[in-house]
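Undergrad: For the sequence shown, our numbering begins at 1 and goes up steadily by one.
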Amino acid sequence: MDEYTLEINDLRRRIAKLKFERASLTIIEELEAQLRILKAIYDSAGALFAAGEDDRRIRASFTEHELGDWSFVNVYAYVYDQAVALEPEG
């Protein structure tokens, strides 16, 4: 199990504990939103990494853009950075 899965599972446990303790709904909803975001980033990174394993052009493009070696950690960092850079709709 990688560190990202551990983080996601820890957050799930924290949410479950807060629900059991009948904590503030606002806090629970915020943590659930954070969980959805982390899960989406993890799933996207996993899909990109799997695609790159089968397509050398993706790996070559990753290297050309100086994003580091082709590894899940670097792919996750790339996907995370892209997600953070997105402008919220408003």
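For every residue, glycine included, the Cβ atom is placed at its ideal position computed from N, Cα and C.
(1) In or out: G90 buried (at least 16 other Cβ within 10 Å) or exposed?
(2) Using the three-state DSSP reduction, which class does S71 fall into: helix, strand or coil?
(3) Under 8 Å by Cβ, that's how I've got L94 and I15 pegged, so tell me the actual separation to the nearest angstrom.
(4) Would you mind stating whether W70 and R57 have Cβ atoms separated by less than 9 Å?
TA: In this structure, then:
(1) Your numbering for residue 90 matches position 90 in the sequence shown. Here G90 scores only 49 on pLDDT, less than 50, and its place in the model should not be relied on; the value that follows carries that caveat. It is exposed - the Cβ of G90 has fewer than 16 other Cβ atoms within 10 Å.
(2) Counting from 1 along the sequence shown, the entry for residue 71 is found at position 71. If DSSP states are grouped into helix, strand and coil, S71 belongs with coil.
(3) Outside the shown range of the chain, which is 1 to 90, sits residue 94, and nothing can be said about it.
(4) On the sequence shown, residue 70 is found 70 positions in, with the first residue counted as 1. On the sequence shown, residue 57 is found 57 positions in, with the first residue counted as 1. Contact: no.
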